[in-house]
Every structure is written in structure tokens, then in C-alpha cells.
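Chemist: Following this note's numbering, the numbering of the sequence shown begins with 3 at its first residue and continues without gaps.
Input: one structure, supplied below.
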Amino acid sequence: MAHEDRHRHLRPPAVRVPASWRLTDSAGPRPFVAFARFERPDGTTVDWSSRRHRKGLGLGPVGGRARRHWRRPTTPSIVMAALFMVGSTCFAVGSLPAFADAVSTAAVGWTFFVGSVAFTSAAYVQFREAITAPGAVDDPGSVPRGLRRWAAWAPERIDWWASAVQFLGTLAFNVTTFAATRTSLTVIQERRWIWVPDVVGSICFLVASWLAYGEAAAGGHGVRGRGVGWWICWLNLAGSVAFGLAAVGARYLGATGEIANIALVNLGTFAGAVCFFLGAALLPVESARESA
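Here it is, written out as C-alpha cells:
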């Protein structure tokens, strides 16, 4: 009876599955399914994961025990890596006190803005990767056509939420970094156009990183058995926490407009940028290595 109850509560993934395949396991942060195990008619068992699926890495072996082989990194992974690394570099450099002392305030502001645009571009590539994922477990060619290749509504999928929320967060960073290039803002305007969007963007990054981490962790086998994707998501989550701490330190005090803790702002921004840079650098490695 316990065995029957367990299978009765299994949740299928939000993609088409052949009727002849039997779902034997599933996992993921509710209400999403980020991992599923299937038994095929020929008796073989395969693992499906949301992250592998949207990145075109195919079905995985049970427990990830099969021998890996290297292939050419996918184009989206290379593009995302390059853009995220450019954005991270700009944020890391912009947060260095030595850089701020060597250039004008406007130059620091524009450095952050350029970095935020790179982040937004990378986030959209990631969002598009999610919405153009195959619609079927076993058919890599069943991808959306027309306008659905550029924008789509798929709230039943955890990867859609993670990528969409992160994209919105980067747009908020576009607002705050552009506003920071303006020199004529009042204290009230600075709070409204610099600090508030910064907080919104940081919250979005935290939510998106947590969802992505939950997606990558589903169906895992301990830290040593995790794939490259799990480490990428762990680094991004750590980077989002650091960005969040920087936003806390950047709050304005009273009517003076002074920043509460500039040291925390710089440290949090630099640490977050380094984490995102390292995570981005692993994206091509994931797409080249994580193939069954």
C-alpha cells in the first residue's frame, strides 16, 4: 500500500511524455517538477531534469553514473557566459575604492550601467533558452515557433520563473545604475530612483537564484555527486546574497542622504560580482561536459 501511495503522489514534468513511459520518481520545489525518472518500454531507466532539458543536454543516466564525454559548448552558454562575465567585471571594478578615486563619479556610474546592460542581455538569453526548450521529453526538435521563440508565458515551469524573475531584476538594475549617472538628483529622488530599484533588483536576484538552485538540486546525490550546473547555481545564490547585503548597506540615513555603510556596499558588490563571474565561466563547461 505504501508503494502505491508513493506512486500516486508522483508529479509529471510540464513537458510531453510518451504514453508508454512509466514515471517512477519526481522531485522539485512545490508546485514545480525539476526532476523525474522514467522507465521506458525496453526496461531502461533514464533521468530527466529541467535544467538539462532546457539546455539541450538530453536525458541523463540514472544517478548520473554514466561516463561523461566532452563536446563543443553550446552557443547560448558561450554568449551568456561572455555577457555575465562582462557585467560582473564592470560591477567588480566599479566597486573598488581605488577605481573610484582614480576616475570621476560619472565614470563610476557609467561603468555600473554598462555592466547592468550586459547583465540584462545575458538574462534575456537565459530567458529565451527557457522558453525555447523542447516541448517533449524525447523530442529535441519540438521547440516553439514564431513569437513564442521570443516571449512566452509558462508559469508551470520553475525555469521560466527563475529566468523571468532574474530578467526583471536586471531591468531594475538598469534603472538604478542609470539614475546613479545623474548628478542633479535630490536626496528623495536618489532614494526613489537609485536605492529602491536596487532593492527590487536584489530581491529579484535572490528569488531567481533560489528557484534556480532548487531546480538544480532536485534529484541530486550529495555534494560530490552534483553536476556543474549545481555549482553554478550555488555560486549565483551566494552572489545574490552578497548583492542583497550591498543593497542593505546602501540605504540612506535621515535627510542627509548619506549611505549607511559604504564599506558593506563595496564589499557586497565586489563579492557578488566575483561569484557571478565564476558561475558564468562554468556555463560553457556545463554544456560541454554534462552530456550523457
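From the three backbone atoms N, C-alpha and C, an ideal C-beta is built for every residue, glycine too.
Given that a residue counts as buried once 16 or more other Cβ atoms are within 10 Å of its Cβ, and exposed if not, what is aspartate 200?
Modeler: Within the sequence shown, the letter at position 198 stands for residue 200. By the 10 Å Cβ count, aspartate 200 comes out buried.
Chemist: Mind checking whether threonine 122 and threonine 183 have CB atoms under 9 Å apart?
Modeler: Taking the sequence shown and counting its residues from 1, one reaches residue 122 at position 120. Taking the sequence shown and counting its residues from 1, one reaches residue 183 at position 181. The answer is no: Cβ separation not under 9 Å.
Chemist: Exposed or buried, what is aspartate 103 when buried is set at 16 or more other beta-carbons lying within 10 Å of its beta-carbon?
Modeler: Along the sequence shown, one-based indexing puts residue 103 at 101. By the neighbour-count rule (16 or more Cβ atoms within 10 Å), aspartate 103 is not buried but exposed.
Chemist: Whole-angstrom Cβ separation of tryptophan 50 and leucine 61, contact assumed at under 8 Å?
Modeler: As a working mapping, residue 50 is identified with position 48 in the sequence shown. As a working mapping, residue 61 is identified with position 59 in the sequence shown. Distance from tryptophan 50 to leucine 61 at the Cβ level is roughly 6 Å; contact confirmed, criterion being Cβ atoms closer than 8 Å.
Chemist: When burial is assigned at 16 or more other CB atoms within 10 Å of the CB, is glycine 203 buried or exposed?
Modeler: Locating residue 203 in the sequence shown gives position 201, where the first residue counts as 1. So glycine 203 counts as buried.
Chemist: Since alanine 156 and isoleucine 133 are thought to touch, with beta carbons under 8 Å apart, how far apart are those beta carbons, to the nearest angstrom?
Modeler: Reading the sequence shown from its first residue, position 154 is the one you call residue 156. Reading the sequence shown from its first residue, position 131 is the one you call residue 133. About 7 Å; that satisfies the 8 Å criterion.
Chemist: Nearest by alpha-carbon distance to glycine 45: which of Arg24, Phe278, Ala36 is it?
Modeler: Sequence index remark: in the sequence shown, residue 45 carries index 43 (1-based). Comparing Cα positions, the closest option is Arg24.
Chemist: Let me check understanding here. Comparing Cα to Cα, which of Ala164, Arg159, Arg130, Ala252 lies closest to glycine 148?
Modeler: Indexing the sequence shown from 1 puts residue 148 at position 146. Scanning Ala164, Arg159, Arg130, Ala252 for the CA closest to the CA of glycine 148 turns up Arg130.
Chemist: Does DSSP classify alanine 138 as helix, strand or coil?
Modeler: Here residue 138 corresponds to residue number 136 of the sequence shown, with the count starting at 1. Three-state DSSP puts alanine 138 in a strand.
Chemist: When the Cα atoms are used, what is the spatial distance from alanine 294 to asparagine 263?
Modeler: Looking up residue 294 in the sequence shown gives position 292. Looking up residue 263 in the sequence shown gives position 261. Only weak support exists for where alanine 294 lies, its pLDDT of 45 falling under 50; the value from the coordinates is given anyway. The straight-line gap from Cα to Cα measures roughly 48 Å.
Chemist: Would you say valine 127 and valine 167 are within 9 Å of each other, going by their C-beta atoms?
Modeler: If you number the sequence shown from 1, residue 127 lands on position 125. If you number the sequence shown from 1, residue 167 lands on position 165. Cβ atoms of valine 127 and valine 167: not closer than 9 Å.
Chemist: Below 7 Å CB to CB, which residues in the same chain sit around leucine 239 once its five sequence neighbours on both sides are set aside?
Modeler: Within the sequence shown, the letter at position 237 stands for residue 239. Only Ser211, Trp212, Tyr215 meet the Cβ criterion.
Chemist: With distances taken from CA atoms, which of Asn268, Phe278, Ala282, Leu284 is nearest alanine 100?
Modeler: As a working note, residue 100 is residue 98 in the sequence shown. Out of Asn268, Phe278, Ala282, Leu284, Asn268 has the C-alpha closest to the C-alpha of alanine 100.
Chemist: When you compare each of Thr179, Gly229, Ala124, Gly221 to alanine 290 by their alpha carbons, which one comes out closest?
Modeler: Locating residue 290 in the sequence shown gives position 288, counting from the first residue. Checked all of Thr179, Gly229, Ala124, Gly221; the closest Cα to alanine 290 is Gly229.
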